[in-house]
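Residue numbers (this note's numbering): 1 to 148.
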């Protein structure tokens, strides 16, 4: 009863469901509530809802998980991908999507690590040595010379 009241307050956007409420819905296999939390919760509750849907592993929750794989929070999208991988291990389309997404996440991590490695690096190219500045100086020198 208390968890139904929590769900009602969540739908009214007054509170976020707690971890115990999400676990209760997972135990009772209430996928409709978990899918709603996955779509409308904050990033912590979305991640917990994706993990709960992974634990339930019902194929009816695949569309909600597919909508959330491009979440702006990386942990939520990874949890959705893990859930999809567990629910449909033999589906070729899901395998391709999961594989591409994990490669994309790996590329982002590599770029971030490269930026952190180059953060303190000093470059030898100075602003006043640009080609446009050099050509401007050359034209200025030519204008100082007398015309023949």
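Virtual Cβ for every residue (Gly too), placed ideally from N, Cα, C.
Under the three-state DSSP convention, the category residue i falls into
i, result
"residue 103", "helix"
"residue 60", "helix"
"residue 112", "helix"
"residue 145", "coil"
"residue 94", "helix"
"residue 119", "coil"
"residue 14", "coil"
Buried versus exposed, by CB contacts within 10 Å (16 or more), residue i
i, result
"residue 41", "buried"
"residue 104", "exposed"
"residue 26", "buried"
"residue 96", "exposed"
"residue 56", "buried"
"residue 149", "The question about residue 149 has no answer here: the residues shown for the chain are numbered 1 through 148."
"residue 37", "buried"
Boundaries of the alpha helix (DSSP H) in which residue i is found, first to last residue
i, result
"residue 77", "74-87"
"residue 19", "19-27"
"residue 4", "2-11"
"residue 38", "31-40"
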